[in-house]
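Colleague:
2 protein chains.
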Amino acid sequence: MPAEDKNATAGQGADTARPGTRRPGGRTARTRAAVRDAVLTGLAEHGYSGLTVEYVAEHSGVHKTTLYRRWGGVEELIADTLDLAGEDRWTPPDTGSLEGDLRALATEVLRSFTDPATASPSSAVIAAAFPSERAAEALRAYYAERFARCEAIIDRAVDRGDLPGPRTALDAGALVRALAAPLFFRLFITREGLTEHDTEQAVTVTLAAARAGAFRKGG
Amino acid sequence: MPAEDKNATAGQGADTARPGTRRPGGRTARTRAAVRDAVLTGLAEHGYSGLTVEYVAEHSGVHKTTLYRRWGGVEELIADTLDLAGEDRWTPPDTGSLEGDLRALATEVLRSFTDPATASPSSAVIAAAFPSERAAEALRAYYAERFARCEAIIDRAVDRGDLPGPRTALDAGALVRALAAPLFFRLFITREGLTEHDTEQAVTVTLAAARAGAFRKGG
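From first to last, the protein sequence lines are chains A and B. If you count the first sequence from 1, position 1 lands on 15 in the working numbering, and the numbers rise without skipping. If you count the second sequence from 1, position 184 lands on 198 in the working numbering, and the numbers rise without skipping.
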């Protein structure tokens, strides 16, 4: 999750605008946010295998039996945390050029995973998807929705003439993923770390491929 | 780890040619391979948090006290498993063209992470790097060495005239990582799964960027 998510979702999202608003299952926005914070802290501190409903109860102030009744268990708590993160109002950068937008997006990824305040919980959610199929599903839905929002960058680039159209011939999802993939790859697979040099290289490579027509569908 | 690793390292590597060869710390190649198999099985079955020295002892036939004395603990057992995987004789594909080599390499990644026999232990090692800094270090070393071998693909492409030289001006490491990154990204971050369509797209994008000069150093 980008750094912005956590703050943006703390009661500001469309569905969580007024703390106390009732949601299906009787969860209020305020309760959900408190539970979300406890889940992220617990994941960052103890990982998936060490996260318990007891821990979430203690750190959220929500009673254990309420957590069991309204969520069900640890897997559902993690999934709801990701659902909640996906309900924010985040929009992709809009700098006026394709290159600027891609650079700003890559920089957001860099910051969110290198800032100690957000890196641990974000990494912990990715880690939780290995042992938990339910967390993996929630992560898949989270990123699918995130990258769908990022396609606005491509819409604007085609409108502007920054990329040859027609827009429908372009695999915009593949283009925005091509930018993000090498960053996550260095962070979580090869474990080489991430610097501005790497984000700049991802921008250069993605732009060059896009301008050479590599993201044309069926091409 | 590619599918080939496990078999290739079972006593065939340069350092492990003769089962029984003595290694520093008194580990023999045969013992190391048995321990490696038990570690991978244990990781795949129980994950990092569930892997114990007792499990490895039981499944490798090596006594627990021997494991503690020669390795130290679970983290060192995982690290040695990765070290051993890195000692094989794997070489990158050599098909006669840059496009063919990249395609064959992407296909190897696809197979190793979708074949049930190899997918679980390989994923489990990546998962173990989240909670264990020692496993993360070993994973970093493993992939650094792996991608260094892959640079032979770029050497040959320049020699052949498939890529404009000089070779020293190219960031070959970035090129081979650009091919692999979107595959691992789909598998372990966005959790979208991986098909031949995706490997083909990775080849197209990487080739287009390479031919447009996006992997020139300082470019």
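Cβ coordinates follow ideal geometry from the N, Cα and C atoms, glycine included.
1. Which residues, in order along the region 194-211 of chain A, keep a beta-carbon less than 8 Å from a beta-carbon of chain B?
2. Using a Cβ-Cβ distance cut-off of 8 Å, determine whether F239 of chain B contacts chain A.
3. When you compare only the Cα positions, how much space is there between G179 of chain B and R225 of chain B?
4. State the CB to CB distance for the pair P135 of chain B and A52 of chain B, rounded to an integer number of angstroms; the pair is presumed to be in contact (CB under 8 Å).
5. Given that Y157 of chain B touches chain A, what residues does it touch there, using C-beta distances under 9 Å?
6. Nearest-angstrom Cα distance between L197 of chain A and T128 of chain A?
7. With burial defined as no fewer than 16 other Cβ atoms inside 10 Å of the residue's Cβ, what is the status of Y157 of chain A: buried or exposed?
8. Note down, in chain order, every chain B residue with its Cβ under 9 Å from the Cβ of S63 of chain A.
9. Short check: CB of A93 of chain A to CB of A149 of chain A, under 8 Å?
10. For T35 of chain B, which residues from the same chain have a beta carbon less than 6 Å from its beta carbon, with the 5 sequence-adjacent residues on both sides left out?
11. Could you name the residues that DSSP lists as bridge partners for R230 of chain A?
12. Determine, using beta carbons only, whether A120 of chain A comes closer than 8 Å to chain B.
13. Return the CA-CA distance between E165 of chain B and L189 of chain A, expressed in angstroms with no decimal places.
14. Name, please, each residue of chain A whose Cβ falls closer than 9 Å to the Cβ of S137 of chain B.
15. Pull up the distance between the alpha-carbon of A141 of chain A and that of R154 of chain A, whole angstroms please.
16. Assign G56 of chain B to buried or exposed, taking buried as 16 or more other Cβ atoms, counted over all protein chains shown, within 10 Å of its Cβ.
17. For the candidate residues A:R163, A:F202, A:L54, A:A222, whose alpha-carbon lies nearest to that of F144 of chain B?
18. Is S74 of chain A buried or exposed, if buried means 16 or more other CB atoms sit within 10 Å of its CB?
19. Determine the contact status of E71 of chain B and A222 of chain A, defining contact as a CB-CB distance below 8 Å.
20. Please tell me whether T105 of chain B and R163 of chain B are closer than 8 Å, where the distance is taken between their beta carbons.
21. Helix, strand or coil for T55 of chain B? Go by DSSP, reduced to three states.
22. What's the call for D102 of chain A, buried or exposed, on a 16-neighbour Cβ count within 10 Å?
23. Would you verify that the beta carbon of A192 of chain A is, or is not, closer than 8 Å to some beta carbon of chain B?
24. Do we get a CB-CB distance below 8 Å when we pair R154 of chain A with the residues of chain B?
25. Is it the case that the Cβ atoms of T213 of chain A and L124 of chain A are separated by a distance below 8 Å?
26. Check the Cβ of T55 of chain B against every Cβ in chain A and list those closer than 7 Å, keeping chain order.
27. Where does the unbroken alpha helix (DSSP H) through E210 of chain A begin, and where does it stop?
28. Is the beta carbon of T121 of chain B closer than 8 Å to that of D115 of chain B?
29. Along the chain, where does the alpha helix (DSSP H) that runs through H77 of chain A open and close?
30. Does A228 of chain B have its Cβ less than 8 Å from a Cβ in chain D?
31. What does I140 of chain B reach in chain A if we use C-beta pairs closer than 8 Å?
32. For I140 of chain A, which three-state DSSP category applies?
33. Tell me the residue span of the alpha helix (DSSP H) that contains G114 of chain A.
34. On the premise that F199 of chain B lies in contact with F199 of chain A, defined as a C-beta separation below 8 Å, what is that separation, rounded to the nearest angstrom?
35. From Y82 of chain B to A131 of chain B, what distance separates their C-alpha atoms?
Modeller: On the basis of the supplied data:
1. A194, A195, P196, F198, F199, R200, F202, I203, T204, R205, E206
2. Residue 239 of chain B lies beyond the stretch modelled for chain B, which goes from 15 to 233, so this question has no answer here.
3. On the second sequence, position 165 is the one that residue 179 of chain B refers to. On the second sequence, position 211 is the one that residue 225 of chain B refers to. Each residue's Cα considered, the two are about 11 Å apart.
4. By 1-based counting over the second sequence, the position of residue 135 of chain B is 121. By 1-based counting over the second sequence, the position of residue 52 of chain B is 38. Their Cβ separation, rounded to whole angstroms, is 11 Å, which puts P135 of chain B and A52 of chain B out of contact at 8 Å.
5. Counted from its first residue, the second sequence places residue 157 of chain B at position 143. Within 9 Å Cβ-Cβ: I203, T204, R205, E206.
6. Against the first sequence, residue 197 of chain A aligns to sequence position 183. Against the first sequence, residue 128 of chain A aligns to sequence position 114. Cα-Cα distance, rounded: 11 Å.
7. Taking the first residue of the first sequence as 1, we reach residue 157 of chain A at position 143. Classification of Y157 of chain A: buried, given that the 10 Å Cβ count is 16 or more.
8. To locate residue 63 of chain A, count along the first sequence from 1; it is residue 49. Chain B residues near S63 of chain A: G61, Y62, S63, G64, P145.
9. Along the first sequence, read from residue 1 onward, the residue named residue 93 of chain A stands at position 79. Along the first sequence, read from residue 1 onward, the residue named residue 149 of chain A stands at position 135. Contact flag set, yes.
10. Translated into the one-based positions of the second sequence, residue 35 of chain B becomes position 21. Confidence is the limiting factor: at T35 of chain B the pLDDT is only 49, short of 50, which leaves the residue's position unreliable, though a coordinate-based value still follows. Excluding positions up to five away in sequence, the list reads A43.
11. Stepping through the first sequence from its first residue, residue 230 of chain A is reached at position 216. In DSSP, R230 of chain A forms a bridge with A:L184.
12. Residue numbering aside, residue 120 of chain A sits at position 106 when the first sequence is read from its first letter. Not one chain B Cβ lies under 8 Å of A120 of chain A.
13. Locating residue 165 of chain B in the second sequence gives position 151, where the first residue counts as 1. Locating residue 189 of chain A in the first sequence gives position 175, where the first residue counts as 1. E165 of chain B and L189 of chain A: Cα-Cα distance of roughly 25 Å.
14. Here residue 137 of chain B is taken as the residue at index 123 of the second sequence, counted from 1. Simply F144.
15. Walking along the first sequence from the start, residue 141 of chain A turns up at place 127. Walking along the first sequence from the start, residue 154 of chain A turns up at place 140. A141 of chain A and R154 of chain A: Cα-Cα distance of roughly 13 Å.
16. Within the second sequence, the letter at position 42 stands for residue 56 of chain B. Answer is buried; the Cβ neighbour count reaches 16.
17. One-based indexing of the second sequence puts residue 144 of chain B at position 130. When only C-alpha atoms are compared, the closest one is A:F202.
18. The sequence position of residue 74 of chain A within the first sequence is 60, counting from 1. Burial call: buried.
19. Residue 71 of chain B sits at position 57 when you count from the first residue of the second sequence. Residue 222 of chain A sits at position 208 when you count from the first residue of the first sequence. The sequence as given places Ala at residue 71 of chain B; Glu does not occur at that position. No; because the gap between Cβ atoms is not below 8 Å, this pair is not in contact.
20. Taking the second sequence and counting its residues from 1, the one referred to as residue 105 of chain B is at position 91. Taking the second sequence and counting its residues from 1, the one referred to as residue 163 of chain B is at position 149. Cβ distance < 8 Å, so T105 of chain B and R163 of chain B count as in contact.
21. Here residue 55 of chain B corresponds to residue number 41 of the second sequence, with the count starting at 1. It is helical.
22. In the first sequence, residue 102 of chain A corresponds to position 88, counting from 1. Burial call: buried.
23. Here residue 192 of chain A is taken as the residue at index 178 of the first sequence, counted from 1. Yes, because at least one Cβ of chain B sits closer than 8 Å to the Cβ of A192 of chain A.
24. Translated into positions along the first sequence, residue 154 of chain A becomes position 140. Yes - at least one Cβ of chain B is within 8 Å of the one on R154 of chain A.
25. Counting from one through the first sequence, the residue named residue 213 of chain A turns up at place 199. Counting from one through the first sequence, the residue named residue 124 of chain A turns up at place 110. Yes, these two residues count as a Cβ contact at 8 Å.
26. The residue you call residue 55 of chain B lines up with position 41 of the second sequence. In chain order: nothing, as chain A lies at least about 16 Å away.
27. Walking along the first sequence from the start, residue 210 of chain A turns up at place 196. Residues 210-225.
28. As a position in the second sequence, residue 115 of chain B is number 101, starting the count at 1. As a position in the second sequence, residue 121 of chain B is number 107, starting the count at 1. The answer is no: Cβ separation not under 8 Å.
29. Counted from its first residue, the first sequence places residue 77 of chain A at position 63. Where H77 of chain A is concerned, there is no enclosing alpha helix (DSSP H), given that its DSSP letter is neither H nor E.
30. Structure shown: chain D not included; protein chains present are A and B.
31. As a first step, residue 140 of chain B is located in the second sequence; it is residue number 126 there, counting from the start. Result: F144, F202, I203.
32. Here residue 140 of chain A refers to the residue found at position 126 of the first sequence. It is helical.
33. Taking the first sequence and counting its residues from 1, one reaches residue 114 of chain A at position 100. First-last of the alpha helix (DSSP H) with G114 of chain A: 112-128.
34. Locating residue 199 of chain A in the first sequence gives position 185, where the first residue counts as 1. Locating residue 199 of chain B in the second sequence gives position 185, where the first residue counts as 1. Their Cβ separation, rounded to whole angstroms, is 6 Å, which keeps F199 of chain A and F199 of chain B in contact under 8 Å.
35. In the second sequence, counting from the first residue as 1, residue 82 of chain B sits at position 68. In the second sequence, counting from the first residue as 1, residue 131 of chain B sits at position 117. Each residue's Cα considered, the two are about 28 Å apart.
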